[in-house]
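Line by line, the protein sequences are chains A and B. In our numbering, each number is its position in the first sequence, counted from 1, plus 974. In our numbering, each number is its position in the second sequence, counted from 1, plus 36. Each residue gets a CB set at the ideal place from its N, CA and C atoms; glycine is no exception.
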Amino acid sequence: MQKSRFYYAAIRIFFGMCLLFTKTIVNADEFTSLQKEAKGQTVYFNAWGGDAKINSYIGWAGKILSKRHDINIVHVKLTDTASAVSRILAEKVAGRSDNGSIDLLWVNGENFSAMKQARLLQEQPWVNSLPNWRYTDSESLPAILSDFAEPTDGKESPWGRAQLVFSYDSARLDSPPKSVAALAEFITKNPGRFTFPQPPDFIGMSFLKQILLELSNDNQALYQPANDYNFSKVTAPLWRWLDSAKPNLWRSGNTYPKNYPVLRQLLGDGEIDIAIAFNPADASAAIARGELPSSVRTYVHDGGTLANVHFLAIPFNAAAPAAAKVVANFMLSPEAQLKKADPTVWGDPTVLSMPKLSKAQSKAFEELPRGIATLSDAELGQTLAEPHPSWVPRLEAAWIARYASGK
Amino acid sequence: MRGTPVENNSPPVQKQQNIAITSLTAITALLFVLPVILGLIGIIVPASGYFPALGKNNFSIDAARDFLAIPGLGLACWLSLKTGLLATGISLAGSFIILASFSGSKTIIWLRRLLGPLIAIPHSTIAVGLVFLLAPSGWLMRLISPTLTGLERPPTWGLVPDPYGITLILGLVAKELPFLLLLALSALANKPLSRQLAIGAGLGYGHFTSWVFIVLPLIYRQIRLLVIAVLIFSLSVVDMSLLLAPSLPPPLAILVLNGFHDSNLAARLPASFGAIWQIGLALVALLFWCISEKVVSKAVRFCRWRGWRGHSAELWLRCLSLFALLPMLIGVMGLVAALIWSLAKNWFFPETFPASVNLLHWQDMASYLMPVLNSGLLATSAAFLSVMLVFLWLYNEQGLIQRNTLLQIAIFLPLLVPQISFLFGLQIGLSWAGIDGSWLALIYVHMIFIIPYVWLVLAPAFMHMDKRHEHVANSLGLGPVKRLFRVYLPLLAMPIGASLFIGFAVSISLYLPTVFVGGGRITTITVEAVSLAANGSRGPAGVAAILQILIPLVCYMVVWLFLKYRFGKFSGMQGGGLYETT
C-alpha cells in the first residue's frame, strides 16, 4: 500500500509539474490582466468566524488588499462551512450561474469533496496559474494536491497546515496520556474530565479519525473509498473504544461541546483536563489572550497525530472570480504566510516550502517566536495522513446513529 | 370616508376611489403573506423528494423516510414540545400573577417603565447572559465557590448545557414574560378596571380572585393570538437553542437547521420534510394549548360557581409573584456577567472577579462597527417603512383589516408559522429572483416580521382615537393631507413612537431570517453575537452582547425624548398604546 500511495503522489507531482511548466510562461501576463480586472471588485470571503484571532488576520489581509489592489474583502463569518455550501447549492438550484453570493470559501476535506461532486466549484483549474504557487512544493507536502485523499485538481489553493495537538494544564496533570490506550485509562480514572467536540464538528470528526487510525494500526483500507462491506469491520475498534469511554466522559457523554473553542474554554474553566486543537500554536495564543492559564502545555500522541492542509476555493458562480484569485494569490505569498504563522497573530503553519524562498524570507520564518506552549517541529513528530473523505460521512452517520439518540 | 357624517351619501366617484383604496390596502397586506407562502412551497417540493439540482427528478417518500429515521427524533420533538408549552405557560401565568398582585400599586408603574427597555433585549443576548451566569463554571458558581461549596474546580454536572431543557425554558421565560406582561398592560389600558374590581370587591371577592375571575379572561381574549405566536416561537426557537439547549438530541428546529447546513447536500431533503414536521408539531402544541385553555376556563368557572372567594390564596400568590420576577432578574444579572466578561482577562475558576481587567476586546470595536451599522440601518428602515405602511392602511381604510379575519390572520401569519419551516424555501425563492443577500430582500423580510407588532400597537390606538377631534378638523375644512399632519400625527404620536421602537427592537433581535436572507453578506450584530457565543469566545461575545442591547436602548431614549418634548403636550388627549407616559 505504501507503494500505491507513492504511486498516487508521483502521478500528482508529474501532473503538477507538467501544468507548472506549461503555465509559468504565460502566467505573468495572464495574472496582470487578472489584477486589472480585479480592481474595484468586492470579494465575499466566506470563512469560519469562530476565532477572534483568525478574524483579525483576515482583517489585516483585507486592509493590504484594498491598499495594493483596490480589492474590498468582506469576511462573511460562518458558524459552519457547510452552510455556505448549502447556500451555493441553493443558488445552483435557482439557476443562478453567475453573480453568486460567495466569491471565496475557506474549505477542506468533506466540504470540498461535496462541492466537487455537486459541481459547485470553478470549472477550470486556476490554482497552478497563481504566481505564488511557485513557492510551494508538492513533493515535500503532497497534501497540497490531495485534500483528504481527494485530488484538488487545481480547484482549491492551499492556505495553511494543521496538525492535531492535545493541551492540558500542567499545574493539574503531571504526565498526559500519549496514546489512545493511555487516554482510555485516563478517562476511566478521571470520570467527567474528558470530552471532544460533538461530531459532525470538524475537530470532533478529526478526533474520531485519530482514534480509529491509532487503533487500526495503519489499516490501508482507510485510504481507499469506504464501502458497506468493510466499514463496520474496520471501524469496530473505534466503537468499542468509545463505548467503554462514554460513561466516564464529561456529562457522561450525554452532551458534548459544540466545537474546539468551547472545548478550550472548558479547559480554561477547569471543567475538563484535556482539550484538542488542530493548530499547534492555539494554546499559546489562548494563554497570551488570558483565556487559558499560563501553565497549559501541549502534547501529541507517540504514534503521531492527524495532519492536513486547508484551502481556499472559488464557487462556480462567484461574482468576482478574478479578485478572488488575486486574494488567494496574496494569501499564498511569503508575506501573508509569515504573518499567519506568527503565533501572536494566528500561529497557523505555512504551506510554503522553505528551500523555494529567498534566504531572508526563510530566515524570517525560522525566527518566528514559538509560543510558550507550542511544541517544536521535532516534538510534533510524525503525522498521520487523513483517511479517504468517503469515510467521514459514514463515520458521522454511524456516530450519530450510536450516540445521538440521547439514550 | 372614516366616520364622516356624510358617509352614506358619498358620490359614486368617491365610492370608486374607496374601492380602489380598499383593494390597494388588501393587496399590500397580502404582499406580506407572499414570502411565507412561497417559502412553504419551497419546502414542500423538496420534502416530497423533488430536487433536480441533486438529480432527484421524481417525487418520492424518501425524504420523509430518511427524516423519520433520524436517531433521537422522538426525544427532540418531546424536548421542543415541552420547552414551547412550559415556557409559554410559565410566562403567561407569571405575567398574570405579577399583574394581579401589583396592579394599582407603585410597583406596576415602575415595572412598566422598566419593561420598555427590557423587551428590547434580544433573545440571543439573554441566552449569552444565562450561559455566563448558570454554567458550572459560571458567575453564580464562582460567587459561592469555594467558600460555600468547597469546590476548587467546577462540578462535573451542571445546567449549561442541560439535557432537560430547563435553561432553555428559563431563557425563554426571561424574554417572553416581560413581553406578555407589556401586552397585558396595554390590553388593560382600555378597560374600566377600577369599576370591575370594585364590583368584585363588593361581591366579597379578594383582590386576587376578582382579577382571576373578572379581568384576566378579558385580557386573555385580547392577547390570545400573540400568546399563540409566543408558543410557536418558543417551540421552534433557534438562536436561544444554539446557546442553551442540549445537543444530543437538540430540539427539533436545530435538528432541521443542521440538516439544511449539512455538508452532505442530500440532507436538505429530509430537513425539508422536518420543516413540515415542525409545523405539525406546532399544531400538536396548539391543540394541547386549546385543551388546556378549556380545562382552565372550566376550572375557573367551577370555582366561580362554588362561590370560592379565595382569601386564603392571597398570600401564596403574593409570594409567587416574587418568583415570577425572578426570570427577569436572572436575565438582567446575566447581562452584568456579560459586561464583566467583556472586560476580563485571566478570569479562572473559582475567582469571583477577573484577576485583571483590560480593554483588549473593546479595542477590537472596529470589527463590530459594520454589523452594528447594518443592524441600525436595517432596523431603522424596516421599522419606519412598516410603521408608515400600517399607518397608511389604517388611515385610508381602517375598518377593512379589522373587519376581515382572513386579512388579520394574513398579517399575523409570519408569527404563526415556525420560522424554520419557510425560510429555506424563501431563500431559494429569493435567490431565484436574484435578490437574496440584498438590502431590499432583507428589509422586506424583516418588515413581514415587524408589521404584526406595529399593527398590534397602532390598530387599537386608531380604534380608540377620539373621532371628535377629526370631526372638528373636518368642519374647519381641513383636507385629508392636513388632517393627517395636524390631527392624526400629533394625537397618535405616542403609539407611533411606541410602534417604531417595537419594530426597531424586533428587527434587531431577528436571527434566523437575517441568517437565511442576509446570506452572510449583510451580517447584523445579533448574528455576530450568536456566532461568537456559540464559538466560546466569551470576551468578544460579551462585547457583542452589550452592543446588542445598547442599540435598542439608544433608540428607546431617542424616541422617548423626542416624543416627550415634541408631542408631550398631546398625551392627555389620547389613551391606548403600549407606552403611555402614566
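Hey, is residue i close to the ligand COA, as in C-beta under 7 Å from one of its heavy atoms?
i      : result
I259/B : Within the structure as shown, the ligand COA is missing, as the structure has no ligands at all.
Going by CA-CA distance only, name the one from the options that's closest to residue i.
i       : options                            : result
L351/B  : A565/B, A581/B, L414/B, F138/B     : F138/B
G412/B  : I133/B, L536/B, G604/B             : L536/B
H482/B  : P526/B, L414/B, A509/B, F427/B     : L414/B
L317/B  : L548/B, A112/B, A569/B             : A112/B
E1188/A : M1328/A, H1284/A, G1277/A          : G1277/A
P287/B  : G1024/A, S1379/A, E1011/A          : S1379/A
N1106/A : A1302/A, A1359/A, A1334/A          : A1302/A
V1208/A : W1022/A, D1003/A, R1368/A, Q1009/A : R1368/A
D1175/A : T1055/A, K1313/A, K1299/A, K1051/A : T1055/A
R340/B  : N294/B, F384/B, P253/B, K381/B     : P253/B
E1353/A : L1079/A, V1067/A, R1061/A, Q1137/A : Q1137/A
S1075/A : E329/B, F540/B, G473/B, A335/B     : G473/B
L478/B  : A156/B, I558/B, D400/B, F132/B     : I558/B
T441/B  : A373/B, A65/B, A56/B, Q52/B        : A65/B
G1178/A : E1370/A, R1376/A, A1375/A          : E1370/A
G125/B  : L104/B, G174/B, I268/B, V164/B     : I268/B
V1283/A : S1141/A, W1080/A, T1006/A          : W1080/A
A349/B  : F420/B, L459/B, I133/B, V209/B     : I133/B
R148/B  : S131/B, I202/B, A321/B             : S131/B
L291/B  : N300/B, L301/B, V274/B             : V274/B
V1059/A : I1032/A, L1094/A, L1008/A, D1072/A : L1094/A
R345/B  : Y241/B, L365/B, P182/B, L353/B     : Y241/B
L1157/A : W1022/A, Q1172/A, R1135/A, F1181/A : F1181/A
F1285/A : T1126/A, I1045/A, H1043/A          : T1126/A
Beta-carbon within less than 6 Å of residue i's beta-carbon, same chain only, minus the 5 sequence neighbours each way: which residues are those?
i       : result
G1036/A : I1047
A1200/A : S1364, W1365, R1368
D102/B  : P306
N410/B  : I558, T560
R602/B  : none
V553/B  : A477, L478, V481
L208/B  : A123, S270
For residue i, which residues in the same chain have their Cβ closer than 7 Å to its Cβ, ignoring the five residues on either side in sequence?
i       : result
I1028/A : W1320
L128/B  : L216, V263
V69/B   : A446, L449
A1092/A : L1063
W491/B  : V426, I447
T40/B   : Its pLDDT being 42, under 50, T40/B is placed unreliably by the model, and the measurement read from it follows with that caveat. These residues qualify, in order along the chain: N510.
I77/B   : G461
V1050/A : Y1018, F1019, N1020
I202/B  : L195
Please work out which residues of its chain come closer than 8 Å, Cβ to Cβ, to residue i, disregarding the five sequence neighbours upstream and downstream, and give them in chain order.
i       : result
E564/B  : Y404, P407, A580
S1327/A : Y1109, T1110, D1111, S1114, L1115
T1348/A : P1254, A1255, A1257, S1258, T1272, P1317, G1321
Tell me the DSSP bridge mates of residue i?
i       : result
R1271/A : Y1142/A
L1079/A : N1020/A, A1287/A
At 7 Å on the CB atoms, spell out the chain E contacts of residue i, in chain order.
i       : result
A1378/A : Protein chains in the displayed structure are A and B, and chain E is not among them.
Fill in: Contact between the segment 585-601 of chain B and the segment 530-547 of chain B (3+ Cβ pairs under 8 Å)
yes
Discussion item. Tell me which residues of the segment 1052-1075 of chain A have at least one Cβ-Cβ distance to chain B shorter than 8 Å, keeping chain order.
Written reply: L1052, T1053, D1054, T1055, A1056, S1057, A1058, V1059, S1060, R1061, L1063, A1064, E1065, K1066, V1067, A1068, G1069, R1070, N1073, S1075
Discussion item. Within 8 Å, do at least three Cβ pairs link the segment 209-225 of chain B to the segment 244-260 of chain B?
Written reply: yes
Practice prompt. Would you check if there are 3 or more beta carbon pairs closer than 8 Å linking the segment 132-148 of chain B to the segment 232-250 of chain B?
Written response: yes
Worksheet item: With contact counted as at least three CB pairs below 8 Å, one residue from each stretch, are the segment 1011-1030 of chain A and the segment 1287-1303 of chain A in contact?
Response: yes
Discussion item. Would the segment 1353-1367 of chain A count as touching the segment 1190-1202 of chain A if we require 3 or more Cβ pairs under 8 Å?
Written reply: yes
Worksheet item: In chain order, what residues of the segment 1229-1245 of chain A put their CB closer than 9 Å to some CB of chain B?
Response: T1229, Y1230, P1231, K1232, N1233, Y1234, P1235, V1236, L1237, R1238, Q1239, L1240, G1242, D1243, G1244, E1245
Worksheet item: Using Cβ-Cβ distances below 7 Å, what residues of the segment 501-534 of chain B are close to chain A?
Response: none
Fill in: Touch test, the segment 165-172 of chain B against the segment 82-100 of chain B, Cβ-Cβ under 8 Å, three pairs minimum
no
Practice prompt. Say whether the segment 188-202 of chain B touches the segment 94-108 of chain B, bearing in mind that this needs 3 or more beta-carbon pairs closer than 8 Å, one atom from each stretch.
Written response: no
Fill in: Contact the segment 1125-1133 of chain A vs the segment 1218-1234 of chain A: 3+ CB pairs below 8 Å
no
Discussion item. Closer than 7 Å between beta carbons: that is the criterion. Which residues of the segment 163-190 of chain B meet it against chain A?
Written reply: P172, S173, R189, P190
Item to complete: Determine which residues of the segment 461-483 of chain B have a Cβ less than 9 Å from any Cβ of chain A, and write them out in chain order.
Response: Q463, I464, G465, L466, S467, W468, A469, G470, D472, G473
Fill in: Contact set between the segment 1016-1049 of chain A and chain B, restricted to residues whose Cβ is under 8 Å from the partner
Y1018, N1020, G1023, G1024, D1025, A1026, N1029, S1030, G1033, V1048
Discussion item. Whether or not the segment 450-469 of chain B and the segment 519-536 of chain B are in contact is what I'm after, with contact meaning three or more pairs of Cβ atoms, one per stretch, closer than 8 Å; do they touch?
Written reply: no
Practice prompt. Could you name the residues of the segment 186-217 of chain B whose beta carbon sits closer than 7 Å to any beta carbon of chain A, in the order they occur along the chain?
Written response: R189, P190, T192, P197, P199
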